[in-house]
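Presented below is the structure to which this report refers.
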Amino acid sequence: MADVEDLIVQHNMENSPSYSTNLALFTNVTNCNELRQLIVQGKLEAALLNACMVTDPFHVVIAGHKAFQLFQQGKMKTRTLHAEIIFNLSPSTNINESFKKFGILDNTSNVLVVMITQGNAVEKISEVSKLINGKLVSLTALNTISDQEKIKRFTVFQTRNFDVAPYKME
């Protein structure tokens, strides 16, 4: 089995290199209801994403970077930094809708954990992994987990919106 450190993807913040966005993918998760309760109670500081709604980890890194910038500026629309990450993934401006689409639900079985940390992310994600009844796997497994059809249904940009002929100047 791979070491926890090998399964965490870490991206340093461009403007604040001591902070990083950290991603860890869990499959076969069976206790999402408990995890949601821990988040609501403030006992778990992480964004828990429904992994089937993520096509590329880069999107999550960008959402994390934007959330961190808004946090530093005091301009977040949600109550916590990690909730802001989920909100920033959604094309919707409705916070509840964002959580329903990109956050975990009781029946979610694949969870992408996102944490913005300063310092040792491995230790913090190891603590979170003890709370999750599931298997920590490589982020490359996201390719087989993401549900392209579900993502197409929920996103605003669908192929039919791009069937417009290019503008021609006369």
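Counting in the numbering used here, the final residue of the sequence shown is number 152, and the numbers go up one at a time with none missing. We treat Cβ as the ideally placed atom computed from N, Cα and C, and that holds for glycine.
Next item on the list: Tell me, please, which residues DSSP counts as bridged to residue 100.
Entry: Answer by DSSP bridge pairing, in chain order: 1.
Next item on the list: Measure the CB-CB distance between residue 89 and residue 127 and report whether it falls below 8 Å.
Entry: No.
Next item on the list: Can you tell me which of the three DSSP states residue 43 falls into?
Entry: Helix at residue 43.
Next item on the list: For residue 72, count neighbouring C-beta atoms within 10 Å of its own C-beta (all shown protein chains included) and say buried if the count is 16 or more, exposed if not.
Entry: Residue 72 is buried by the Cβ-count criterion.
Next item on the list: Note down the Cα distance separating residue 144 from residue -5, rounded to an integer number of angstroms.
Entry: No answer about residue 144 holds up, because its pLDDT of 44 lies below 50 and its placement is not dependable.
Next item on the list: Using only alpha-carbon positions, find the residue among 32, 108 and 125 that is nearest to residue 94.
Entry: Relative to the Cα of residue 94, the nearest Cα in the group 32, 108 and 125 belongs to 32.
Item checked: Assigned secondary structure, residue 12 (DSSP; H/G/I helix, E/B strand, else coil) -> The three-state reading of DSSP puts residue 12 in coil, since its state is none of H, G, I, E or B.
Next item on the list: State the DSSP-derived secondary structure class of residue 93, mapped to helix, strand or coil.
Entry: Strand.
Check: Which same chain residues, not among the five before or five after residue -11, have their C-beta less than 8 Å away from its C-beta?
Finding: The answer, listed in chain order, is 6, 7, 118, 119, 120 and 121.
Item checked: Spatial neighbours of residue 81 in its chain, beta-carbon cut-off 7 Å, leaving aside the 5 residues before and after -> Annotation for residue 81: 68 place their beta carbon closer than 7 Å to its own, counting only its chain and skipping 5 residues before and after.
Next item on the list: Put residue 23 into one of helix, strand or coil per three-state DSSP.
Entry: Shown here, residue 23 sits in coil according to DSSP, grouped into three states, outside any helix or strand.
Note to self: Assuming residue 31 is part of the beta strand (DSSP E), what are its boundary residues?
What the structure shows: Taken as a continuous stretch (DSSP letters only), the beta strand (DSSP E) holding residue 31 covers 29 to 32.
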